[in-house]
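A.B. asks: Below is a structure I'd like to ask you about.
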Amino acid sequence: MQVPEWMRERRRPDADATAPGCSRSRSLLRQSAAGFARVLAELLDNETIAARDGLLQHIDERAKVLGLLGLVVVATMVHRPTTLLAAWLAAVVLAALSRVPLRRLAGAWLMVPLFSMAIVAPALLNVVCPGKPLLVLGHLPSGAALAVTDTGLLVAARFVLRTAVCVTLVLLLSATTRADRLFRGLRALGVPVIFVMLLSMMERYLTLFLRAAEELHLARLSRTVRVGPLRDEQQWAAGGIAALLRRTHELSHGVYRAMLSRGYRGEPRLLDERR
Amino acid sequence: MHIPDGYLGPQTCAATAVAMLPCWSVASSRMKRSLRLREVPLLALSAAFCFVIMMFNVPIPGGTTGHAVGAVLVAVLFGPWAAVIVVSLALVVQALLFADGGIVAVGANCLTMAVVMPFVGWGVYHTVGSDRAGGRRRWLAAAAGGWAGLCAAAVVAGFLLGLQPLVAHDAAGVPLYCPFGLRIAVSTMALEHLLAFGLVEALVTGLVVAWLQRTAPELLERRTDGAESVHRVVPRLAAGLGVMVLLSPLGLFLPAWLHAGPAWGEWSAAEVQEKLDHAAPAGMVSAEQHAWHAPLPDYGLPRRSGAPLWRQSLLYLLCAGTGGALLAAVVLLSRKLLASVGSATADASAAGTAQPRRQERTLRGEDE
Numbered sequence: 032m033q034v035p036e037w038m039r040e041r042r043r044p045d046a047d048a049t050a051p052g053c054s055r056s057r058s059l060l061r062q063s064a065a066g067f068a069r070v071l072a073e074l075l076d077n078e079t080i081a082a083r084d085g086l087l088q089h090i091d092e093r094a095k096v097l098g099l100l101g102l103v104v105v106a107t108m109v110h111r112p113t114t115l116l117a118a119w120l121a122a123v124v125l126a127a128l129s130r131v132p133l134r135r136l137a138g139a140w141l142m143v144p145l146f147s148m149a150i151v152a153p154a155l156l157n158v159v160c161p162g163k164p165l166l167v168l169g170h171l172p173s174g175a176a177l178a179v180t181d182t183g184l185l186v187a188a189r190f191v192l193r194t195a196v197c198v199t200l201v202l203l204l205s206a207t208t209r210a211d212r213l214f215r216g217l218r219a220l221g222v223p224v225i226f227v228m229l230l231s232m233m234e235r236y237l238t239l240f241l242r243a244a245e246e247l248h249l250a251r252l253s254r255t256v257r258v259g260p261l262r263d264e265q266q267w268a269a270g271g272i273a274a275l276l277r278r279t280h281e282l283s284h285g286v287y288r289a290m291l292s293r294g295y296r297g298e299p300r301l302l303d304e305r306r
Numbered sequence: 346m347h348i349p350d351g352y353l354g355p356q357t358c359a360a361t362a363v364a365m366l367p368c369w370s371v372a373s374s375r376m377k378r379s380l381r382l383r384e385v386p387l388l389a390l391s392a393a394f395c396f397v398i399m400m401f402n403v404p405i406p407g408g409t410t411g412h413a414v415g416a417v418l419v420a421v422l423f424g425p426w427a428a429v430i431v432v433s434l435a436l437v438v439q440a441l442l443f444a445d446g447g448i449v450a451v452g453a454n455c456l457t458m459a460v461v462m463p464f465v466g467w468g469v470y471h472t473v474g475s476d477r478a479g480g481r482r483r484w485l486a487a488a489a490g491g492w493a494g495l496c497a498a499a500v501v502a503g504f505l506l507g508l509q510p511l512v513a514h515d516a517a518g519v520p521l522y523c524p525f526g527l528r529i530a531v532s533t534m535a536l537e538h539l540l541a542f543g544l545v546e547a548l549v550t551g552l553v554v555a556w557l558q559r560t561a562p563e564l565l566e567r568r569t570d571g572a573e574s575v576h577r578v579v580p581r582l583a584a585g586l587g588v589m590v591l592l593s594p595l596g597l598f599l600p601a602w603l604h605a606g607p608a609w610g611e612w613s614a615a616e617v618q619e620k621l622d623h624a625a626p627a628g629m630v631s632a633e634q635h636a637w638h639a640p641l642p643d644y645g646l647p648r649r650s651g652a653p654l655w656r657q658s659l660l661y662l663l664c665a666g667t668g669g670a671l672l673a674a675v676v677l678l679s680r681k682l683l684a685s686v687g688s689a690t691a692d693a694s695a696a697g698t699a700q701p702r703r704q705e706r707t708l709r710g711e712d713e
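These protein sequence lines are chains V and R, in that order. Going by the numbering used here, the first sequence opens with residue 32, and the numbers climb by one from there. Going by the numbering used here, the second sequence opens with residue 346, and the numbers climb by one from there.
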């Protein structure tokens, strides 16, 4: 199923976040709204990519779940940086054959592996990973040298590469499989039907709640001339969460009535699309 | 807090996933027993709600924002067992659809954020403030629960990360996963959550509960998992504590009976010297001489290490009883203090109901 063109429009509520005169709090509101819009866009992106004519898109979701998640487990157990680098390159080739855009991969790499790089940076030094010094950075107050070691480099390379491989494989799975099929594929791992049903329902209503949260921020932004004190802003955020909670309750009653009208009697069932 | 794949070794991931199986099983059976048919969509929608509040930025001093995990808020609203299911669902969707948190590490993430956090937070919420209380006491209890829940989850996550150099290393001792040991991982995770992220969690949990108290108190009264009242749990906990106090001298009798030495790693300088057959490190000797001397060192009287076992047992009982009583007194005193604050503000919060209702309609865009 193709996503209509109007749904794929990329809105950028944060586009003028840094415009002159834009107060910091207004810009924070815009950034929050942009965060919700970005996640919504990612969900829609996944649908679009999953509908493309690519290599992974033709594979049954159960085989894909077992295969790709199995590869994630294998990547967790591989320790040679060269093997991990080869696995990462293979995953990138697989992404290209499945027509997953590079910007989608780059977004994920920017988030997790770069974050991991920042976390693991101190492990490069001899104070965490002693080894043969490769580059002396300075001296500690005790007089000992502070240096980048070969062991530290090995540990950091392994850490970042492994994270990059795992993230790329998971991204391939989520981007090339429609969410409802992906959750049904979890049945191949023995996940109970009730959990799969709850996951599918959650994913459906997640879009709605993300949209509601985004609109909540945009509504606030459009009515804000001058930002009030911090306490008022915090009260507003708490009120927004409470409003979403109330909507959750109201909606769940409606969903339950709709389920009953479709014949739901407490037995969880999934559509069986086995080919 | 979301641990990505590659940070934890397969043995830790497998152990945490196995540890989660009974949690999910008990949570599911409690849901089945007490959940009405109509609550099934509520669980799924609450998981979506949980996902969204993890993205909801709250302004904090310094011109920046922070966001909450929301597990304690979910536990306060629906009960801790429902929170296990709801937060687990949110974490699985985050890992599968957004690569936020690992797939192999999903057991570890669920253990910290879907079990430790809601149960610790819910426990603190009910210990500090009764669920029937109104006013400030209740939202303060929720804030304390949010802070304690997140800090406990962070310490467990830090422990799992810090364990890696010990359990997963190559023949040369080089770590294969997270390279930071317990000292660095636990202290870093604990400090940043105790001083920064925990306060944001407390702020969000407390403010939302305060808002609900004023605008939709009926949402705070409902439970989906039939969580037991704290008034029934406290006497059982007290009885259990009493039994453990009475059993504490076993810690003396068993080592004597089994001819076991002192606890591993808890040696004095003299014992270290004896084990090493060499002088104990000078720093250790100096620290022992100049450190603060407790009134009952090693749960006994000072300089009476050679006392008969029955006398040491009596002192053990005295120490266990005194320690338990002191902790209980601190908790009860906190309850009393919060109760006096809460009752004073109950009327004020009731009077302030009208304005927030109007503000909430504005948030939902109904009156403009």
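Quick reminder that beta carbons are idealized off the backbone N, C-alpha and C, glycines included. On a predicted model such as this, the values are computed, not experimentally measured, just so you know.
Could you tell me the distance, in whole angstroms, from the CA atom of V/Ser173 to the CA atom of R/Asp643?
C.D. replies: Residue numbering aside, residue 173 of chain V sits at position 142 when the first sequence is read from its first letter. Residue numbering aside, residue 643 of chain R sits at position 298 when the second sequence is read from its first letter. Each residue's Cα considered, the two are about 35 Å apart.
A.B. asks: Tell me which same chain residues have a C-beta within less than 8 Å of the C-beta of V/Pro112, skipping the five on either side of it?
C.D. replies: Along the first sequence, read from residue 1 onward, the residue named residue 112 of chain V stands at position 81. Leu185, Ala188, Arg189, Leu192.
A.B. asks: To the nearest angstrom, how far is the alpha carbon of R/Thr569 from that of V/Asp211?
C.D. replies: Residue 569 of chain R sits at position 224 when you count from the first residue of the second sequence. Residue 211 of chain V sits at position 180 when you count from the first residue of the first sequence. Bear in mind that a pLDDT of 48 at R/Thr569, under 50, signals an unreliable position, so the model cannot answer this.
A.B. asks: Please check if any C-beta of chain R sits within less than 7 Å of the C-beta of V/Gly66.
C.D. replies: Working through the first sequence from its first residue, we reach residue 66 of chain V at position 35. Output row for V/Gly66: interface = yes.
A.B. asks: Give me the chain V residues within the contact set of R/Ala393, using Cβ-Cβ distance strictly less than 9 Å, ordered along the chain.
C.D. replies: Counting from one through the second sequence, the residue named residue 393 of chain R turns up at place 48. Here the neighbours are Met232, Met233, Glu234, Arg235, Tyr236, Leu237, Thr238, Leu239, Phe240, Leu241, Thr279.
A.B. asks: Please list the residues of the region 62-93 of chain V that have a C-beta atom closer than 8 Å to any C-beta atom in chain R, keeping them in chain order.
C.D. replies: Those residues of the region 62-93 of chain V that come within reach of chain R (Cβ to Cβ, closer than 8 Å) are Gln62, Ser63, Gly66, Phe67, Val70, Glu73, Leu74, Asn77.
A.B. asks: Determine the DSSP secondary structure at R/Gly628, reduced to helix, strand or coil.
C.D. replies: Residue numbering aside, residue 628 of chain R sits at position 283 when the second sequence is read from its first letter. Looking at R/Gly628 - three-state DSSP - the assignment turns out to be helix.
A.B. asks: Whose C-beta lies closer than 8 Å to the C-beta of R/Ala517 among residues of the same chain, with five residues either side of it excluded?
C.D. replies: Locating residue 517 of chain R in the second sequence gives position 172, counting from the first residue. Same-chain partners within the cutoff: there are none.
A.B. asks: With a floor of 4 residues, list each alpha helix (DSSP H) that falls wholly inside the region 80-143 of chain V, ordered by position along the chain.
C.D. replies: If we require 4 residues or more, the alpha helix (DSSP H) runs fully inside the region 80-143 of chain V come out as 92-108, 112-128.
A.B. asks: Mind checking the region 516-528 of chain R against chain V and listing, in chain order, the residues whose C-beta falls within less than 9 Å of any C-beta there?
C.D. replies: So the close ones are Ala517, Val519, Pro520, Leu521, Tyr522, Cys523, Pro524, Phe525, Gly526.
A.B. asks: What in chain V is Cβ-close to R/Ile448, meaning under 7 Å?
C.D. replies: Translated into the one-based positions of the second sequence, residue 448 of chain R becomes position 103. Chain V residues near R/Ile448: Leu100, Val103, Val201.
A.B. asks: Where DSSP assigns a beta bridge to V/Thr180, which residues make up the other side?
C.D. replies: Residue mapping note: residue 180 of chain V aligns to position 149 of the first sequence, counting from 1. BP columns for V/Thr180 point to V/Pro164.
A.B. asks: Examine chain R for any beta-carbon lying closer than 7 Å to the beta-carbon of V/Val179, and answer yes or no.
C.D. replies: Counting from one through the first sequence, the residue named residue 179 of chain V turns up at place 148. With 7 Å as the cut-off, V/Val179 does not count as an interface residue toward chain R.
A.B. asks: For R/Val431, is the classification buried or exposed, using 16 other Cβ atoms within 10 angstroms of its Cβ as the cut-off for buried?
C.D. replies: For the purposes of this step, residue 431 of chain R is taken as residue 86 along the second sequence, with counting starting at 1. Flag for R/Val431 reads buried.
A.B. asks: Under DSSP, the alpha helix (DSSP H) around R/Asn454 begins and ends at which residues?
C.D. replies: Taking the second sequence and counting its residues from 1, one reaches residue 454 of chain R at position 109. That run of the alpha helix (DSSP H) goes 451-455.
A.B. asks: For chain R, find out if any of its Cβ atoms is closer than 7 Å to the Cβ of V/Gly259; answer yes or no.
C.D. replies: What you label residue 259 of chain V is simply residue 228 of the first sequence in a count that begins at 1. Chain R, which has no Cβ nearer than 7 Å to the Cβ of V/Gly259, makes this no.
A.B. asks: With a threshold of 7 Å between beta carbons, is V/Arg193 in contact with chain R?
C.D. replies: One-based indexing of the first sequence puts residue 193 of chain V at position 162. Yes, V/Arg193 lies at the interface with chain R (some Cβ there is under 7 Å from its Cβ).
A.B. asks: Who are V/Gly169's beta bridge partners in DSSP?
C.D. replies: Here residue 169 of chain V corresponds to residue number 138 of the first sequence, with the count starting at 1. Bridge partners of V/Gly169: V/Leu177.
A.B. asks: Okay, do the region 128-135 of chain V and the region 84-93 of chain V touch, 3+ Cβ pairs below 8 Å being the bar?
C.D. replies: They touch, by the three-pair rule.
A.B. asks: My assumption, with CB atoms under 8 Å, is that V/Val159 sits in contact with R/Pro524. Please give the rounded CB distance.
C.D. replies: Indexing the first sequence from 1 puts residue 159 of chain V at position 128. Indexing the second sequence from 1 puts residue 524 of chain R at position 179. With a Cβ gap of about 6 Å, V/Val159 and R/Pro524 count as contacting.
A.B. asks: On the CB-based measure, 16 or more other CB atoms within 10 Å of its CB, does V/Glu234 come out buried or exposed?
C.D. replies: Stepping through the first sequence from its first residue, residue 234 of chain V is reached at position 203. Answer is buried; the Cβ neighbour count reaches 16.
A.B. asks: Closest to V/Val123 by CA distance: which of V/Arg218, V/Tyr295, V/Thr199, V/Arg277 is it?
C.D. replies: Along the first sequence, one-based indexing puts residue 123 of chain V at 92. With distances taken between Cα atoms, V/Val123 lies closest to V/Thr199.
A.B. asks: Take the Cβ of R/Ala674 as the centre, count every other Cβ of all protein chains shown within 10 Å, and call the residue buried at 16 or more, exposed below.
C.D. replies: Your numbering for residue 674 of chain R matches position 329 in the second sequence. Exposed is the call here.
A.B. asks: Specify, as a first and last residue, the run of the beta strand (DSSP E) that R/Val403 falls within.
C.D. replies: Taking the first residue of the second sequence as position 1, residue 403 of chain R is located at position 58. Note, R/Val403: beta strand (DSSP E), 402-405.
A.B. asks: Hey, could you find the ends of the alpha helix (DSSP H) R/Ala555 is sitting in?
C.D. replies: For the purposes of this step, residue 555 of chain R is taken as the residue at position 210 of the second sequence. Run containing R/Ala555: 543-560, per the alpha helix (DSSP H) assignment.
A.B. asks: Within 7 Å of any Cβ in chain R, is that where the Cβ of V/Met108 sits?
C.D. replies: Walking along the first sequence from the start, residue 108 of chain V turns up at place 77. With 7 Å as the cut-off, V/Met108 counts as an interface residue toward chain R.
A.B. asks: Are any of the Cβ atoms in chain R nearer than 7 Å to that of V/Val186?
C.D. replies: For the purposes of this step, residue 186 of chain V is taken as the residue at position 155 of the first sequence. So, interface residue.
A.B. asks: Would a check of beta-carbon distances place R/Ile398 closer than 7 Å to chain V?
C.D. replies: What you label residue 398 of chain R is simply residue 53 of the second sequence in a count that begins at 1. Closer than 7 Å to some Cβ of chain V, the Cβ of R/Ile398 qualifies, so yes.
A.B. asks: By the three-class DSSP mapping on this structure, what secondary structure does R/Pro607 have?
C.D. replies: Translated into positions along the second sequence, residue 607 of chain R becomes position 262. Coil at R/Pro607, not helix or strand.
A.B. asks: At 8 Å on the CB atoms, spell out the chain V contacts of R/Val531, in chain order.
C.D. replies: Here residue 531 of chain R corresponds to residue number 186 of the second sequence, with the count starting at 1. What R/Val531 touches in chain V: nothing, since even the nearest Cβ is about 15 Å away.
A.B. asks: Could you tell me whether the Cβ atoms of V/Ala273 and R/Val500 are closer together than 7 Å?
C.D. replies: As a first step, residue 273 of chain V must be located in the first sequence, where it is residue number 242. As a first step, residue 500 of chain R must be located in the second sequence, where it is residue number 155. No, the Cβ-Cβ distance between V/Ala273 and R/Val500 is not below 7 Å.
A.B. asks: Of all the CB atoms in chain V, is at least one closer than 7 Å to the CB of R/Val403?
C.D. replies: Counting from 1 along the second sequence, the entry for residue 403 of chain R is found at position 58. It does; some Cβ of chain V falls within 7 Å.
A.B. asks: Among V/Ala117, V/Val179, V/Pro132, V/Ala65, which one has its Cα closest to the Cα of V/Asp76?
C.D. replies: For this step, residue 76 of chain V is matched to residue 45 along the first sequence. Of V/Ala117, V/Val179, V/Pro132, V/Ala65, the residue nearest in Cα terms is V/Pro132.
A.B. asks: Secondary structure at R/Leu353, three-state DSSP: helix, strand or coil?
C.D. replies: Counting from 1 along the second sequence, the entry for residue 353 of chain R is found at position 8. In this structure, R/Leu353 counts as coil in the three-state DSSP scheme.
A.B. asks: Could you check where the alpha helix (DSSP H) with V/Ser231 kicks off and where it finishes?
C.D. replies: Working through the first sequence from its first residue, we reach residue 231 of chain V at position 200. Note, V/Ser231: alpha helix (DSSP H), 224-253.
A.B. asks: What first and last residue would you give for the alpha helix (DSSP H) that runs through R/Ile398?
C.D. replies: Within the second sequence, the letter at position 53 stands for residue 398 of chain R. First-last of the alpha helix (DSSP H) with R/Ile398: 385-398.
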